[in-house]
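Residue numbers (our numbering): 2 to 147.
Ideal placement from N, C-alpha and C gives every residue a C-beta, glycine not left out.
Below is one structure, written out as structure tokens; the observations come after it.
Below, the structure written as structure tokens:
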């Protein structure tokens, strides 16, 4: 009968092994997430290669779809704070000139808005949309028309 039940030492050892495996898995998942984030930042740091004509078409599709759903705004881009020269500080603090901290695709999209959509009355807002571990994580850029 005692063969069915592990000793207290065996129970502690099995528990320690299980905890070590959980910790190893958490480290693997964190490394995978970090690699994915690094790849995303690298991708978003480069020019999109999208022509102004194609950008207009995409904007029209996004805006018309949102209007059809009864919306007055739509998030058009979400990106890590690492694409801001100040890690999102100016956006988080709603400082004037926050747009000067943008780089890569976020800057490209802001410039497109400023040149083409702003004159037509569209507004843009940026805000930190998540705070993993209390630190600004991703920034969302939202296009508004109401």
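Between the CA atoms of residue j and residue i - distance to the nearest angstrom
| i | j | result |
| --- | --- | --- |
| residue 126 | residue 142 | 6 Å |
| residue 18 | residue 7 | 15 Å |
| residue 73 | residue 66 | 11 Å |
| residue 103 | residue 20 | 42 Å |
| residue 129 | residue 92 | 7 Å |
| residue 132 | residue 89 | 11 Å |
| residue 109 | residue 35 | 25 Å |
Simplified DSSP assignment, three categories, for residue i
| i | result |
| --- | --- |
| residue 136 | coil |
| residue 48 | coil |
| residue 78 | strand |
| residue 103 | strand |
| residue 83 | helix |
| residue 8 | coil |
| residue 72 | coil |
Run of the beta strand (DSSP E) containing residue i, from where it starts to where it stops
| i | result |
| --- | --- |
| residue 62 | That residue, residue 62, is in no beta strand (DSSP E); its alpha helix (DSSP H) goes 53–69. |
| residue 127 | 124–129 |
The alpha helix (DSSP H) enclosing residue i, as first and last residue numbers
| i | result |
| --- | --- |
| residue 94 | Residue 94 -> no alpha helix (DSSP H), and no H or E assigned at all. |
Residue i Cβ short of 7 Å to the ligand ADP heavy atom set
| i | result |
| --- | --- |
| residue 111 | Of the ligands one can find in the structure shown there are none, so the ligand ADP has no counterpart to examine. |
| said: Under 8 Å: do the stretch 87–97 and the stretch 37–57 share three or more Cβ pairs, one atom per stretch? | reply: no
Check: How about the stretch 19–28 and the stretch 81–95: do they share at least three Cβ pairs that are nearer than 8 Å?
Finding: no
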